[in-house]
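K.L.:
A single structure is presented below for examination.
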Amino acid sequence: ASAFSSVPLAPPDIIFHLTAQYKADKDPKKVNVGVGAFRTDKLQPYVLPVVKKADAILFNDESLDHEYQPIAGQPSYTKAAARLILGKDSPAIKENRVAAVQTISGTGANHTGAAFLAQFYKKSRTVYISNPTWANHRNIFSMVGFEVKEYPYWNPTTRGLDYSGLIKAMEQAPDGGIFILHACAHNPTGVDPTRDQWKGIADVMQKKNHFPFFDCAYQGFASGDLDSDAWAVRYFVDRGFELFVAQSFAKNFGLYGERAGNLTIVTKSTGETNTVFSQIEKLQRAEISNPPAYGARIVDIVLNDPVLYAEWKENLKYMSNRIIEMRKALYGRLIELKTPGKWNHITDQIGMFSFTGLNKNQVTVLKQKYHIYMTDNGRISMAGLSTTNVNYFATALDDVVR
Ligand code: PMP
Numbered sequence: 003a004s005a006f007s008s009v010p011l012a013p014p015d016i017i018f019h020l021t022a023q024y025k026a027d028k029d030p031k032k033v034n035v036g037v038g039a040f041r042t043d044k045l046q047p048y049v050l051p052v053v054k055k056a057d058a059i060l061f062n063d064e065s066l067d068h069e070y071q072p073i074a075g076q077p078s079y080t081k082a083a084a085r086l087i088l089g090k091d092s093p094a095i096k097e098n099r100v101a102a103v104q105t106i107s108g109t110g111a112n113h114t115g116a117a118f119l120a121q122f123y124k125k126s127r128t129v130y131i132s133n134p135t136w137a138n139h140r141n142i143f144s145m146v147g148f149e150v151k152e153y154p155y156w157n158p159t160t161r162g163l164d165y166s167g168l169i170k171a172m173e174q175a176p177d178g179g180i181f182i183l184h185a186c187a188h189n190p191t192g193v194d195p196t197r198d199q200w201k202g203i204a205d206v207m208q209k210k211n212h213f214p215f216f217d218c219a220y221q222g223f224a225s226g227d228l229d230s231d232a233w234a235v236r237y238f239v240d241r242g243f244e245l246f247v248a249q250s251f252a253k254n255f256g257l258y259g260e261r262a263g264n265l266t267i268v269t270k271s272t273g274e275t276n277t278v279f280s281q282i283e284k285l286q287r288a289e290i291s292n293p294p295a296y297g298a299r300i301v302d303i304v305l306n307d308p309v310l311y312a313e314w315k316e317n318l319k320y321m322s323n324r325i326i327e328m329r330k331a332l333y334g335r336l337i338e339l340k341t342p343g344k345w346n347h348i349t350d351q352i353g354m355f356s357f358t359g360l361n362k363n364q365v366t367v368l369k370q371k372y373h374i375y376m377t378d379n380g381r382i383s384m385a386g387l388s389t390t391n392v393n394y395f396a397t398a399l400d401d402v403v404r
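Mind the numbering: the sequence shown is residues 3 to 404 in my numbering, read in order.
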């Protein structure tokens, strides 16, 4: 028999399958609100102007070559990434309690953190993810051997956070559990805890000795403000937690294909930082040897140049504003149409996505009758809407909920 005769067929990835269906659709009115990538109002991919500038700098830099990067990435890059999320005045940075490693975008940061914890975290074999969450969390953490359980997050009745369910799950979990937390702009719901709720979460986690693993894929992209999107992480650091943060520069730099990410690790002492870093380097060596240079160089240039950094913030504002405008436009149109139900969650939610509350049947009708493509859970990417198609989208939505 063949070595592969017993390999079962894996299901296609939902999002990428949806994109393929959308591409095959010939209807000119078609709308893609499936994939989580920013689009301009003309529904085109967006190359950030500041990225173009950094690109030009790279192109003209005669000193650059194509040698291997350091195993953990260039320190100028990883330090800047850690500073971006923790804040330049972070006590953890001042006290030399931060290790950082360049990863294959946010996915790689989650994976490297997961692989490290699988090997060295002794308090628990269970990772808790929110229900719902980014579909890849389950894959990533179960593939390195963790048992993956869900904690309540979304309340379908209020179309908001199930705060009491979340707290109860944390209380009931055995001590020392690993909790994956979305730093901001929760995917897929667009619902984040308030600052008071984050305090409550930190209280239980501290009491129960749980380990916070932040996933931060949307810093600056969510609110348009890099600091306020980093608030929860910084708060946990101030509270004295040791923690991991997986960072992605896919969305906030528009560097989806370059795979520039970072895993920032905060420990309790410099000594532990050094030992943890040594093991992360060893792990990285076995997995990828050396991280890719190109995307990280762009991010490095921008984060370390005050003028370009200021310009990046403007680019971020443009992206987050466009999304906020689309939320307002969709909400406004649904109100005009007197669409049955409450729709304030459309404008309350933040970040790339909105969890509409549409059910699977309604999603199917939207696809078949209106050529509108979204995931079965009713999540829409706000960047798929534009001033041109938002009325069409609202009218279709109005039809399927009546
Ligand atoms: N975490 C979450 C919650 C995400 O939404 C994403 C992007 N879809 C990622 C991580 C990582 O994406 P990437 O690997 O492209 O940086």
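Cβ coordinates follow ideal geometry from the N, Cα and C atoms, glycine included.
No experiment lies behind these values; they were computed from the predicted model shown.
Taking the straight line between their C-alpha atoms, what separation do you get for Y258 and T377?
P.N.:
20 Å
K.L.:
Check this for me: beta carbons of L88 and V206, under 9 Å apart or not?
P.N.:
no
K.L.:
At 3 residues or longer, and completely inside the region 282-365: list those beta strand (DSSP E) runs for me, N to C.
P.N.:
355-357
K.L.:
Does the distance from the C-beta atom of D411 to that of L360 stay below 9 Å?
P.N.:
An answer regarding residue 411 cannot be provided, because it is not within the stretch 3 to 404 covered by the chain.
K.L.:
Can you check which of these residues, N323, G36 and I142, is closest to G226 by C-alpha distance?
P.N.:
N323
K.L.:
Give me the Cα-Cα distance between T275 and N254, rounded to the nearest whole angstrom.
P.N.:
Computed Cα separation, rounded: 28 Å.
K.L.:
Could you check if D302 is buried or exposed, using at least 16 other CB atoms within 10 Å of its CB as the buried criterion?
P.N.:
buried
K.L.:
Going by DSSP, name the residue or residues bridged to P93.
P.N.:
DSSP lists no partner for P93.
K.L.:
Under 8 Å, with one C-beta from each stretch per pair, do the region 102-111 and the region 123-131 reach the 3-pair mark?
P.N.:
no
K.L.:
DSSP on H373, reduced to helix/strand/coil?
P.N.:
coil
K.L.:
Using the beta-carbon count (16 or more within 10 Å), is I16 buried or exposed?
P.N.:
Exposed: under 16 other Cβ atoms inside 10 Å.
K.L.:
Would you report the Cα separation of M328 and D67, rounded to the nearest angstrom?
P.N.:
43 Å
K.L.:
G192 and F395 - do their beta-carbons sit closer together than 9 Å?
P.N.:
no
K.L.:
Could you name the residues of the same chain whose beta carbon sits closer than 8 Å to that of A232, not counting the 5 residues immediately before and after it, in chain order?
P.N.:
L86, I87, L88, G89, A185, C186, C218 and Q221
K.L.:
Shortest alpha-carbon distance to G44 belongs to which of V402, T397 and A385?
P.N.:
The question names Gly, but residue 44 in the sequence shown is Lys. Minimum Cα distance to K44 is reached at A385.
K.L.:
Using the Cα positions of S250 and A3, report the straight-line distance between them to the nearest angstrom.
P.N.:
If I take the Cα positions, the gap works out to 43 Å.
K.L.:
Report the CB separation of G297 from R335 in whole angstroms; it is logged as a contact under 8 Å.
P.N.:
Not confirmed; about 37 Å, so no contact.
K.L.:
Give me the DSSP bridge partner(s) of R381.
P.N.:
R381 pairs with F357.
K.L.:
Excluding five sequence neighbours on each side, which residues of the same chain lie with their C-beta closer than 8 Å to the C-beta of V49?
P.N.:
These residues qualify, in order along the chain: G256.
K.L.:
Let me know if F357 comes out buried or exposed under the rule of 16 or more other beta-carbons within 10 Å of its beta-carbon.
P.N.:
Its Cβ being crowded by 16 or more others within 10 Å, F357 is buried.
K.L.:
From H373 to N62, what distance separates their C-alpha atoms?
P.N.:
45 Å
K.L.:
Taking 6 Å as the limit between beta carbons, can you name the residues of its chain near I348, skipping five residues before and five after?
P.N.:
R329, L332, Y333 and S356
K.L.:
Which residues in the same chain have their Cβ closer than 7 Å to the Cβ of D164, if we skip the five residues on either side of it in sequence?
P.N.:
P154, Y155, W156 and N157
K.L.:
Apart from the five residues just before and just after N138, which ones in its own chain have a Cβ nearer than 7 Å to its Cβ?
P.N.:
T109
K.L.:
Am I right that H212 and G167 are in contact with their C-beta atoms under 8 Å? What's the rounded C-beta distance?
P.N.:
Going by Cβ atoms, the distance from H212 to G167 rounds to 16 Å, so no, they are not a contact pair.
K.L.:
Any heavy atom of the ligand PMP closer than 8 Å to the beta-carbon of H184?
P.N.:
yes
K.L.:
Let me check you understand the geometry: is the CB of H106 closer than 8 Å to at least one non-hydrogen atom of the ligand PMP?
P.N.:
Checking the sequence shown, residue 106 turns out to be Ile, not His. Taking non-hydrogen atoms of the ligand PMP into account, the C-beta of I106 is found less than 8 Å away from one of them.
K.L.:
If you compare alpha carbons, which of T160, R161 and A175 is closest to V150?
P.N.:
A175
K.L.:
Checking 9 Å against the spacing of the C-beta atoms, do A83 and L310 come in under that value?
P.N.:
Contact flag unset, no.
K.L.:
Whole angstroms are fine: how far does the CA of A224 sit from the CA of T135?
P.N.:
Between T135 and A224, the C-alpha separation is close to 17 Å.
K.L.:
Over what stretch of residues does the beta strand (DSSP E) that includes G263 continue unbroken?
P.N.:
Per DSSP, G263 is one residue of the beta strand (DSSP E) stretching across A262 to V268.
K.L.:
According to the neighbour-count rule (16 or more other Cβ atoms, all chains shown, within 10 Å of its Cβ), is I267 buried or exposed?
P.N.:
Buried.
K.L.:
Return yes when the C-beta of S250 is under 8 Å from any heavy atom of the ligand PMP, and no when it is not.
P.N.:
yes
K.L.:
Return the residue from the list A39, I203 and N264 that minimises the CA-CA distance to I73.
P.N.:
Per the Cα distances, N264.
K.L.:
Run the CB neighbour count on A288, radius 10 Å, all protein chains shown included, and call it buried at 16 or more, exposed below.
P.N.:
exposed
K.L.:
I'd like the ranges of any beta strand (DSSP E) spanning at least 3 consecutive residues and lying wholly in the region 188-265.
P.N.:
213-218 and 245-250
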